[in-house]
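Just below is one structure, and these are the notes that go with it.
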C-alpha cells in the first residue's frame, strides 16, 4: 500500500479552504466584483437625478437610498454563490464531501460577503458625502452596512440555493429574497436616520446584531437543505 | 371508533374523500355567506362615526384573517410534507397558496376602499397595511418558485423551505414594520383602536369569517383534487376513473 498523505480534514481547515478557493476564483474574475460595486454606485447616483439636487431632500433620503441600493446590489450578485459551481460540477462534489455541508455553505457565504458586501461598506461613506451626510451619520451608515450586509449574504444564499438552475432564476430570487430583507433595511436605514435626528442608534444596532446571529445559526443549515433539494 | 388516518394520506383515497366533502363545505359556505351578508347589510346598525362606509368590514376583516391564517396552514402542511415526505401534504400546501394570495389581495383592495372615505387616502404606510402587502409578496414568491420548477417533488420541497423561512420571518417583519411605522409617523391614523362594536356587527363579521373559512376549505379541496389528478395521471386508478366516468382527454 502506498503511503498516504494524511490530510487533516478538520472543520476549520475545510472552512478556510473553501473561503480561499472562492476568493481565488473571485480574484480571477475581478470584473464580476467590480460590476456589483459599480451597480451600487450608479443606483445611488441616479436618485439625485430623479428627485433633483436639493440637498435638504437628499440628506433625508440618503440612508434609505444607500441601503436600498446595497440590497439590490447584494441580491444581484447572489447568482454567483452557487451557479458556477453548479454548472462545472463542483457543487456535486461539495455535496458528496464528508464535511458538514452547512459549514461549507457558511464558508461560501462568508466569501460572498467579502467579495460583494465589503466593497459596498467601503464605498458607502463616499456615496454618503454625495448626499451631504454629516460625519457622524457617515460613520453610522458604514457601521450599519458592516453589520447588515453579512445578513444579506446569509439570507440571500437560501434564495440562491432554491433557484439553482431554474429558468428566470435571477428575477425569481428577487421575489423570494427581497421581502426577507425588509427588517434589515428598516433597521439599517433606521440607525442612520436616528443618528441624524440625534437619537440613539444603539437599539437599531442591537437588533441588526440579533438578526445577524439568528441568520448565522439558521441560514447555513437552511441553505444546505435547499441545496440538497435543488441538486439531489 | 378509530379512523385509519394513514389511509387518507394516500392521494388516491383522499381524492374520493375530498370529492365527498366538497359539497358540504360549499353549501355551508354559501349559507353562511348569505346570512353574514344579510346581517352585514340589513341588521347591523349604521356606525355613528363612519356611516355606511364601515360595512366593508364584513369583507375586509375576514379576508385579512384568512390571509394570515392560510399562510400558517400552508407552512404547516409544507413542513409536514418536508419532514415526513408525504406527497399529499405538499399538494395541499400548493393548493392553499392561490386562495391565501386571493384573500390577501382582497384585504388590501377593500382596505383601500375603506381607507379612502375614512382617512382620505387609498393607501397609508400603516404597519398593518405594510405587513399585509409583504404577506402578498411572500405568497407570490412561494407560487412563482413552485411554478418555475418542473419536477413536482423538487417544487414541493423548495416551496416548503421558502414557506417555512417565510413563517419564521413573519413575526420579525411584523414587528420591524410596526416599529418603523411608530418611528416615522407617530400621529397618524390608528387602525388598532377600533370603537366598541355592536353585537350584530361582531356577529356578522364572525359569520363572514366562518363563510370565508368554509369557502377556503372547499376551494382548497377542489384544487387539491385537480393537483392529484394532474400528478397521478399515469396511474391505474386515474385511468380507471376515466373509464368509469367516460371522460376522455
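Protein chains in written order, with my numbering: chain H, 15 to 246; chain R, 5 to 253.
Cβ atoms here follow ideal geometry from the backbone N, Cα and C, with glycine treated the same way.
Are the beta-carbon atoms of residue i and residue j separated by less than 8 Å?
{"i": "residue 190 (chain H)", "j": "residue 176 (chain H)", "result": "yes"}
{"i": "residue 133 (chain R)", "j": "residue 71 (chain R)", "result": "no"}
{"i": "residue 203 (chain H)", "j": "residue 77 (chain H)", "result": "yes"}
{"i": "residue 218 (chain R)", "j": "residue 67 (chain R)", "result": "no"}
{"i": "residue 153 (chain H)", "j": "residue 33 (chain H)", "result": "no"}
{"i": "residue 80 (chain H)", "j": "residue 151 (chain H)", "result": "no"}
{"i": "residue 167 (chain R)", "j": "residue 223 (chain R)", "result": "no"}
{"i": "residue 41 (chain R)", "j": "residue 164 (chain R)", "result": "no"}
{"i": "residue 162 (chain R)", "j": "residue 149 (chain R)", "result": "yes"}
{"i": "residue 139 (chain H)", "j": "residue 156 (chain H)", "result": "yes"}
{"i": "residue 235 (chain H)", "j": "residue 116 (chain H)", "result": "yes"}
{"i": "residue 202 (chain R)", "j": "residue 48 (chain R)", "result": "yes"}
{"i": "residue 22 (chain R)", "j": "residue 239 (chain R)", "result": "no"}
{"i": "residue 83 (chain H)", "j": "residue 58 (chain H)", "result": "yes"}
{"i": "residue 127 (chain H)", "j": "residue 163 (chain H)", "result": "yes"}
{"i": "residue 13 (chain R)", "j": "residue 90 (chain R)", "result": "yes"}
{"i": "residue 15 (chain R)", "j": "residue 95 (chain R)", "result": "yes"}
{"i": "residue 168 (chain H)", "j": "residue 220 (chain H)", "result": "no"}
{"i": "residue 73 (chain H)", "j": "residue 147 (chain H)", "result": "yes"}
{"i": "residue 117 (chain R)", "j": "residue 60 (chain R)", "result": "yes"}
{"i": "residue 96 (chain H)", "j": "residue 174 (chain H)", "result": "yes"}
{"i": "residue 225 (chain R)", "j": "residue 80 (chain R)", "result": "no"}
{"i": "residue 224 (chain H)", "j": "residue 215 (chain H)", "result": "no"}
Residue i to residue j, Cα distance in whole Å?
{"i": "residue 104 (chain H)", "j": "residue 85 (chain H)", "result": "28 Å"}
{"i": "residue 60 (chain H)", "j": "residue 70 (chain H)", "result": "17 Å"}
{"i": "residue 101 (chain H)", "j": "residue 245 (chain H)", "result": "11 Å"}
{"i": "residue 192 (chain R)", "j": "residue 88 (chain H)", "result": "Note that residue 192 (chain R) scores a pLDDT of 43, beneath 50, so its modelled location is shaky; the value from the coordinates is reported in the next line. Going by the C-alpha atoms only, they are around 34 Å apart."}
{"i": "residue 35 (chain H)", "j": "residue 130 (chain H)", "result": "16 Å"}
{"i": "residue 44 (chain H)", "j": "residue 232 (chain R)", "result": "49 Å"}
{"i": "residue 236 (chain R)", "j": "residue 192 (chain H)", "result": "35 Å"}
{"i": "residue 92 (chain H)", "j": "residue 185 (chain H)", "result": "11 Å"}
{"i": "residue 188 (chain H)", "j": "residue 194 (chain H)", "result": "10 Å"}
{"i": "residue 56 (chain R)", "j": "residue 185 (chain R)", "result": "29 Å"}
{"i": "residue 208 (chain R)", "j": "residue 120 (chain R)", "result": "23 Å"}
{"i": "residue 211 (chain H)", "j": "residue 201 (chain H)", "result": "15 Å"}
{"i": "residue 10 (chain R)", "j": "residue 239 (chain H)", "result": "27 Å"}
{"i": "residue 47 (chain H)", "j": "residue 182 (chain H)", "result": "22 Å"}
{"i": "residue 171 (chain H)", "j": "residue 173 (chain R)", "result": "16 Å"}
{"i": "residue 37 (chain H)", "j": "residue 94 (chain H)", "result": "12 Å"}
{"i": "residue 26 (chain R)", "j": "residue 158 (chain H)", "result": "53 Å"}
{"i": "residue 53 (chain R)", "j": "residue 73 (chain R)", "result": "30 Å"}
{"i": "residue 190 (chain R)", "j": "residue 112 (chain R)", "result": "Note that residue 190 (chain R) scores a pLDDT of 44, beneath 50, so its modelled location is shaky; the value from the coordinates is reported in the next line. Each residue's alpha carbon lies about 22 Å from the other."}
{"i": "residue 152 (chain R)", "j": "residue 84 (chain R)", "result": "22 Å"}
{"i": "residue 29 (chain H)", "j": "residue 197 (chain H)", "result": "29 Å"}
{"i": "residue 25 (chain H)", "j": "residue 179 (chain H)", "result": "28 Å"}
{"i": "residue 220 (chain R)", "j": "residue 171 (chain R)", "result": "20 Å"}
{"i": "residue 176 (chain R)", "j": "residue 217 (chain H)", "result": "15 Å"}
{"i": "residue 24 (chain R)", "j": "residue 244 (chain R)", "result": "18 Å"}
{"i": "residue 114 (chain R)", "j": "residue 107 (chain H)", "result": "52 Å"}
{"i": "residue 54 (chain H)", "j": "residue 136 (chain H)", "result": "12 Å"}
{"i": "residue 69 (chain R)", "j": "residue 20 (chain R)", "result": "30 Å"}
{"i": "residue 129 (chain R)", "j": "residue 135 (chain R)", "result": "10 Å"}
{"i": "residue 65 (chain R)", "j": "residue 210 (chain R)", "result": "9 Å"}
{"i": "residue 38 (chain R)", "j": "residue 49 (chain H)", "result": "59 Å"}
Thinking residue i and residue j are a contact (beta carbons under 8 Å), I'd like their distance in whole angstroms, please.
{"i": "residue 75 (chain R)", "j": "residue 104 (chain R)", "result": "6 Å"}
{"i": "residue 62 (chain R)", "j": "residue 212 (chain R)", "result": "5 Å"}
{"i": "residue 92 (chain R)", "j": "residue 18 (chain R)", "result": "6 Å"}
{"i": "residue 147 (chain R)", "j": "residue 97 (chain R)", "result": "About 11 Å separates the two Cβ atoms, so there is no contact after all."}
{"i": "residue 226 (chain H)", "j": "residue 165 (chain H)", "result": "5 Å"}
{"i": "residue 134 (chain H)", "j": "residue 51 (chain H)", "result": "7 Å"}
{"i": "residue 182 (chain R)", "j": "residue 131 (chain R)", "result": "4 Å"}
{"i": "residue 241 (chain H)", "j": "residue 109 (chain H)", "result": "7 Å"}
{"i": "residue 119 (chain H)", "j": "residue 237 (chain H)", "result": "5 Å"}
* **chain R contacts from the region 183-215 of chain H (Cβ-Cβ distance under 7 Å)** => 186, 189, 190, 193, 194, 196, 197, 200, 201, 204
* **Contact list for the region 130-156 of chain R against chain H, Cβ threshold 7 Å** => 138, 141, 142, 144, 145, 148, 149, 152, 153
* Taking only beta carbons into account, state which residues of the region 168-181 of chain R come closer than 9 Å to chain H, listed in chain order. => 168, 169, 170, 172, 173, 176, 177, 179, 180, 181
* To do: Run through the region 26-77 of chain H for me and flag every whole alpha helix (DSSP H) of 4 or more residues, listed as ranges in chain order.
  => 44-65
* Minimum length 4: unbroken alpha helix (DSSP H) runs contained in the region 150-184 of chain H -> none
* Asked: Between the region 152-182 of chain H and chain R, which residues of the former have CB atoms less than 9 Å from a CB of the latter, in chain order?
  -> 169, 172, 173, 175, 176, 177, 180, 181, 182
* To do: Report the residues of the region 211-226 of chain R with a CB closer than 9 Å to any CB of chain H, ordered along the chain.
  => none
* Asked: Whole beta strand (DSSP E) runs in the region 46-126 of chain R with 3 or more residues, listed along the chain?
  -> Complete beta strand (DSSP E) runs here, min 3: none at all.
* To do: For the region 62-77 of chain H, enumerate the residues whose C-beta is nearer than 7 Å to any C-beta of chain R, in chain order.
  => none
* Go through the region 127-212 of chain R residue by residue and report every complete run of the alpha helix (DSSP H) that reaches 4 residues or more, in order. => 131-152, 156-188
* To do: Let me know the alpha helix (DSSP H) ranges lying completely inside the region 221-247 of chain R, each 4 residues or longer, listed in chain order.
  => none
* **Residues in the region 48-59 of chain H having any Cβ partner in chain R nearer than 9 Å** => none
* Residues within the region 86-106 of chain H neighbouring chain R, beta-carbon criterion of under 9 Å -> none
* **Within 8 Å of chain R by C-beta, residues of the region 233-244 of chain H in sequence order** => 236, 239, 240, 243, 244
* **the region 70-87 of chain R: positions lying closer than 7 Å to chain H by Cβ** => none
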